[in-house]
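Protein chains in written order, with the numbering used here: chain W, 120 to 255; chain A, 54 to 212.
Ideal Cβ positions, reconstructed from N, Cα and C, are used throughout, including at glycine.
Below, the structure written as structure tokens:
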């Protein structure tokens, strides 16, 4: 098996996933980096919980990278929604969010689906390699 | 190296996350197509213990448990402190082949095969191409491609 490449959404020179992740705590980013470096050498069938989960229903074929931490005694969920391109061995990160009581899949999911459509129609324009994540 | 490593807090968190995830992903790869229940029998532990060992969030595995697992799989175990540079090198290849170590019996097979060295041209080509492309299928079937790679790497350069 080849190695997965992690791509990120970009629009008008701004990477919204990177911008969101820059706001996250360092321990969350460390978890996220280890998830990415392990998944990049892992066959798609073995992308499983708790590090990754495919989304169902209207959000199919999206999936999410998942980091769960404990902050002030409570579990806090950080998610990055994206999609796999199996033939190119690419996972494109589309939208990131911190899951709280007000976290809405409908909102972030719709945003991710819209961005996925952009990437699929103009991959060169709307995606780039996520060097900020892995330094590759 | 990722620029975030300049932060001590990030480094500390990364080391912890990597140890947890490293154990979980390696045990998952070593299990292969077997069920957690089957591995539980091998370890003489219930299935839920295997499930916990494969959980990258768990993080409370003892060295004794790791020693028990190593003994059950008949592989060696290394627990050592290293530089960040060494850690970075270690995580460069986390493919299934890299995660699954040879058992003692497989190593013995490789060592005995070493008594019949491959010709020089095979060893030279093996450095730059895939093993499958230069050796007859029967040879690969007999030893397995991973064994052969190690065997070739272990052979001294003879001119």
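Query: Answer with buried or exposed for residue 120 (chain W), where buried requires no fewer than 16 other C-beta atoms within 10 angstroms of its C-beta.; Result: exposed
Query: Which class does residue 249 (chain W) belong to by DSSP, given the choice of helix, strand or coil?; Result: coil
Query: Which first and last residues belong to the beta strand (DSSP E) in which residue 190 (chain W) is found?; Result: 182-190
Query: Give the straight-line distance between the Cα atoms of residue 246 (chain W) and residue 137 (chain A), rounded to the nearest whole angstrom.; Result: 31 angstroms
Query: Of all Cβ atoms in chain W, is any one closer than 8 angstroms to the Cβ of residue 62 (chain A)?; Result: yes
Query: Counting beta carbon pairs with one atom in the stretch 123-136 of chain A and one in the stretch 178-188 of chain W, are three or more of them shorter than 8 angstroms?; Result: no
Query: Would you report the Cα separation of residue 205 (chain W) and residue 163 (chain W), rounded to the nearest angstrom?; Result: 8 angstroms
Query: Leaving aside the five residues before and after residue 188 (chain A) along the sequence, list all residues of the same chain whose C-beta is less than 6 angstroms from its C-beta, in chain order.; Result: Because the pLDDT at residue 188 (chain A) is just 47, under 50, the model does not fix this residue reliably, and the point stays unresolved.
Query: Would you call the stretch 91-106 of chain A in contact with the stretch 120-129 of chain A, where contact means no fewer than 3 C-beta pairs closer than 8 angstroms?; Result: yes
Query: Can you have a look at residue 79 (chain A) and say buried or exposed, based on whether 16 or more other CB atoms are within 10 angstroms of its CB?; Result: buried
Query: Give me the subset of the stretch 71-92 of chain A whose CB atoms are less than 9 angstroms from a CB atom of chain W, sorted by chain position.; Result: 71, 73, 74, 75, 77, 78, 81 and 82
Query: Could you tell me whether any Cβ in chain A is nearer than 8 angstroms to the Cβ of residue 156 (chain W)?; Result: yes
Query: Shorter than 8 angstroms from the beta carbon of residue 154 (chain A) to some beta carbon of chain W?; Result: no
Query: Can you tell me which of the three DSSP states residue 76 (chain W) falls into?; Result: Lying outside 120 to 255, the shown extent of chain W, residue 76 (chain W) is not represented and no answer is given.
Query: In whole angstroms, what separates the C-alpha of residue 226 (chain W) from that of residue 242 (chain W)?; Result: 23 angstroms
Query: Please look up how many angstroms separate the CB atoms of residue 174 (chain W) and residue 166 (chain W), rounded, as I've assumed it's under 8 angstroms.; Result: Wrong, their Cβ atoms sit about 13 angstroms apart, outside the cutoff.
Query: Could you give the DSSP three-state label for residue 211 (chain W): helix, strand or coil?; Result: strand
Query: Any residues in the stretch 112-137 of chain A with a beta carbon nearer than 9 angstroms to a beta carbon of chain W? Which ones, in chain order?; Result: none
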